[in-house]
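Q: In the working numbering, the protein residues as written are 4 to 948.
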Amino acid sequence: MNYFVSIDLGTTNTVLAYAAPGAARVDLLVVEQLVAPGEVGASALLPSMRYHPAPEELAPGELQLPWVASDPAGVERVAVGRLARVLGAQTPGRLVASAKSWLSHAGVDRVAPILPWGADDPGIPKVSPVAASASYLAHLRAAWNLRFPAAPLERQQIVLTVPASFDEGARALTLEAARMAGLPALRLLEEPQAALYDWLYRHRASLAADLLDTRLVLVADVGGGTTDFSLVKVALAPDGEPRLTRIGVGNHLILGGDNMDLALAHLAESRLAGGNAGERLSAGRLAQLTERCRAAKEQLLAPDAPEQVSVTLLGSGARLVGASRSATITREDVQRIVLDGFLPPNQAQEGPQRARAGLVGLGLPYASDPAITRHLAAFLRQHAAAARAALGLDEDADDGRLPVPDALLLNGGVFRGAALAERLAGVLSSWRGAPVRVLHNEDPDVAVARGGVAYSLARAGQAPAIESGSARNYYLLLDAQATGETLRAVCLLPRGAPAGEEVRLAERSFALRIGRPVRFHLVSSTADPGGRLPQPGELLALPAADVVRLPAIATVLRSRDGKGSSEIPVQLATVLSEVGTLDVFCVAEQDGGADAGQRWRLEFQLRGEEEAGPGEDALPPELLDAIARIERIFGSRSQQVEPREVRQLRATLEHLLGARERWTTPLLRGLFDALLARAKGRRRSAEHERVWLNLAGYCLRPGFGHALDEWRIEQLWALFDTGLQYHKDGQARAEWWTLWRRVAGGLSTEAQLRLLDDFAFNLQADAAERGRRPVTLVDGSEDDMLRMGASLERIPSAYKAEIGDWLVQQILAMPAGARIDARAAARHARYLWALGRVGARQSFHGAAHEVAPAASAEAWLGQLFQLDWKKIEPAGFAAAHIARMTGDRSRDIGQPVRDEVLRRLSASGAPPSWSAMVREVVELDQAVETRMLGDALPPGLKLLR
């Protein structure tokens, strides 16, 4: 027997609904799960949480479920579901929550083990957001297969719901989580649509009457971690039945119930009794308090709410009860913070306010403006033309007010609070000037899961359907013509394109390089340029503010015979796949020679660094002359070149191309590609090797930020094990280490660990060990090693703690008397620069979870307080970076230490920008950035984190 199955993989809860073939009823799977140690219960809601217990915390057998299955994340002892929520509220740092929100956080490596976020104990196992999501799906699979052994879940027709605003990267990672859970075949459905499908199915018998006076439905889905808006047009078909068409979706917002709970937790933190005034909780303790505030919020929003609720933060270990602390939250607090803060009336229909940074207290980049009604106003304004048409309003009579839908469907756990539901309906009614009809949602917690089944029934012709197709327009950027506020692009797939139908740009031909690196910059937009739906192949100027950049497509495509490199004409084809993701293909035209008709599928990169935007200058015509000069020095043909001409290559290139500080990133990469193709030529002499290393490192710095940099780094890293040809030449050795420092940002963790070995050897090996040095292990000076070693931001944070401790020991052993000579000052500067880079709270290229532990950072600052920052100016510079404010509590130092750093910076006369980065979340100015990096970034290349 095959079932229609739908899974709502929610931020807060995961739900599975199903219907047997031919059945009219949609049922919920009652999921068996641990509800207490050793006790199994059942519920339709599986909390999307996992808890990693301490080794002796639970007795053997207390984690036993009715089935035996391994954890997709590879953790031996783990609790999933209700018990995870209970234990996580008692013990900080061991609860994994909000994995769904992390799936859409491009600022971290979403397949790296980073959760629980902010866990201080290195003994706590960590998992990736993808693996955590897979564990919830695997739990459902095991529970289903126990209930229906003759109909395994992996063989059913499964729909998995996702936020409508999930981009291609987040959708692909969701599919990867399902694959890890043993569910390789399924279809994706957007959650707002699923919620409306549930309503339609429940009203299928009287749908025409129920939607008689409705023209436009707004689906507002506010869950634990995300806010989604969708617009659905309602029109009468010739047979008198309503015809529904989705006409708009909103942009991705990490904004929901979690934000409300966190805002209340900040209030409760300030009121906790029994602690030191102004004391900040750790990230793990704040997560505990946030969970308690969630329960308090639900109590205070209930119809029979008390005047106030006490939230208690338990102690830890043997002082679990004795060290507990409490705070009171009142109904007025919830009114002010939750209702007025997140759902203000917004009578002026203003859009979201731009702030310097959003709330990142638990590591996630929450929307900078928490007012959902301001985001809603911006959404309605973006889709005003389509909304006016759906409502039958005269476009020529536009009075400047928003066209407001006449019906509203509320979904998501947030709207279990009647006050919140009433507030949003009231805001829309006031905007409209007439009551908005609220479509009753029977149970917001399970509507999305139920609606996924209704969607499958609709596909089978057994239920009402919504015409949808692609939720957004997709474009290929023409990077050579991109300019500031507008981006020139060609439309690949228009909004509304149906799933499964290929769209080929028959009128457009592109030149594709075979056997060479190629890149594609794609963007999406939920807005129609000029209020008109674009057509496939149409050239458009897009407002840069309206587009969302997709993960880069960068690859090397091979011909059928796998030989050589050439350029052939191709067309581009796209299709919205049946599972709900975008597929892009290159198709060779008939005059493509031996490759005619060949198709290449292009895949998005989901793990690489963010690419620089394609707003690039065209390459200068002098580049060809520059490459000819590189060919003369390093080319395969033997040419009579004087050593002086080799040494002057850089000056020659600057004469052709201008000062190298002004070389753009595309130009730099073009030069690097020319150097890489002639890498063997560096071995001709020591002069050749020095010049090649210097230019190659400069042209590839910082190792990321441009399409195909990952490929370039792979090619360059292949040269590392061979070492230097002229390893006895001091200048060649210095250029070798400068090269790896400059490109360290693009190196993998494994490569950086390999460099760390050489760093340790060169700085710490004794005479006997040095005598056994292999020829390929290049010697390095103290300065070269410190600058290179401190640039290794992807090494584990525990290694950074060890390096920082060693650096502090060296610094404190240096003379710091009344007079410090130039040599001692230079050594202080080297070690303090390295400490500032190792201990920085905000990495230049590493992920947020890879920074040195906050406890180590505070200890190093305590040691730096022993120095006189007026005499040793680099001490203040290092301290400013170690104390830099990020807004993420797991990385930031405590307030007392921060205050002392600020006091000392002021007393020493440090530049105001140093104090600013300690006091608040700011971007570095160019001078500070250059000093910390050791090199200025190429023009037009901006660090994203």
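Virtual Cβ for every residue (Gly too), placed ideally from N, Cα, C. What you are looking at is a predicted structure, and each value in this text was computed from that prediction instead of being measured.
1. Look at residue 3 and residue 653 and say whether their C-beta atoms are less than 9 Å apart.
2. Name the residue from 789, 38 and 823 whose alpha carbon lies nearest to the alpha carbon of residue 807.
3. Quick one: what does DSSP say residue 36 is sitting in, helix, strand or coil?
4. Report the three-state DSSP secondary structure of residue 546 (helix, strand or coil).
5. Answer with buried or exposed for residue 529, where buried requires no fewer than 16 other C-beta atoms within 10 angstroms of its C-beta.
6. Would you tell me roughly how many angstroms separate the C-alpha atoms of residue 588 and residue 577, rounded to the nearest one?
7. Would you kindly check if the distance between the Cβ of residue 340 and the Cβ of residue 256 is under 9 Å?
8. If I measure Cβ to Cβ from residue 484 and keep anything under 6 Å in the same chain, skipping five residues before and after, which residues do I get?
9. Taking Cβ to Cβ, would you say residue 469 is nearer than 9 Å to residue 203?
10. Let me check understanding here. Comparing Cα to Cα, which of 635, 371 and 380 lies closest to residue 348?
11. Does the region 93 to 110 come close enough to the region 22 to 39 to have 3 or more Cβ pairs within less than 8 Å?
12. So what does DSSP say about residue 16, is it helix, strand or coil?
13. When DSSP builds the beta bridges, which residues end up paired with residue 478?
14. If we count Cβ pairs, one from each stretch, closer than 8 Å, do we get three or more for the region 821 to 841 versus the region 145 to 156?
15. Are residue 427 and residue 346 touching if we call contact CB-CB under 9 Å?
16. Considering only their Cβ atoms, is the gap separating residue 768 from residue 125 smaller than 9 Å?
17. Which class does residue 803 belong to by DSSP, given the choice of helix, strand or coil?
18. Which same chain residues end up closer than 6 Å to residue 740 when comparing Cβ atoms and leaving out the 5 residues on each side of it in sequence?
19. Are the CB atoms of residue 421 and residue 294 nearer to each other than 9 Å?
20. With distances taken from CA atoms, which of 435, 858, 884 and 185 is nearest residue 143?
21. Alpha helix (DSSP H) containing residue 632: first to last residue?
22. On the premise that residue 444 lies in contact with residue 224, defined as a C-beta separation below 8 Å, what is that separation, rounded to the nearest angstrom?
23. Taking Cβ positions, are residue 134 and residue 183 nearer each other than 9 Å?
24. Does the region 443 to 462 come within contact of the region 504 to 518, defined as at least 3 CB pairs closer than 8 Å?
25. Give the single residue among 660, 743, 246 and 159 whose Cα lies nearest to the Cα of residue 795.
26. Could you give the C-beta distance for residue 560 and residue 515, rounded to a whole number, given that I count them as a contact under 8 Å?
27. Beta strand (DSSP E) containing residue 886: first to last residue?
28. What distance in whole Å lies between the Cβ atoms of residue 122 and residue 129, which are believed to be in contact at a cut-off of 8 Å?
29. Is it buried or exposed, residue 242, if we count other Cβ atoms within 10 angstroms and call 16 or more buried?
30. Along the chain, where does the alpha helix (DSSP H) containing residue 132 start, and where does it finish?
31. Quick one: using the 10 Å Cβ neighbour count with 16 as the cut-off for buried, is residue 376 buried or exposed?
32. For the beta strand (DSSP E) that residue 220 lies in, which residues bound it at each end?
33. Going by CA-CA distance only, name the one from 836, 218 and 227 that's closest to residue 240.
34. Of the residues 639, 522 and 934, which one's Cα is nearest the Cα of residue 684?
35. Count the other CB atoms within 10 Å of the CB of residue 149; is the residue buried (16 or more) or exposed (fewer)?
A: The short version:
1. The structure shown does not extend to residue 3, since the chain is modelled only from 4 through 948, so no value can be given for it.
2. 789
3. strand
4. strand
5. buried
6. 6 Å
7. no
8. Only weak support exists for where residue 484 lies, its pLDDT of 42 falling under 50; the coordinates are left without a value.
9. yes
10. 380
11. no
12. strand
13. 494 and 526
14. no
15. yes
16. no
17. helix
18. 783, 787 and 791
19. no
20. 185
21. 625 to 637
22. Not quite, the Cβ-Cβ distance comes to about 10 Å (not below 8 Å), so this is no contact.
23. yes
24. no
25. 743
26. 7 Å
27. Element bounds for residue 886: n/a, residue is neither H nor E.
28. 7 Å
29. exposed
30. 132 to 150
31. buried
32. 219 to 225
33. 218
34. 639
35. exposed
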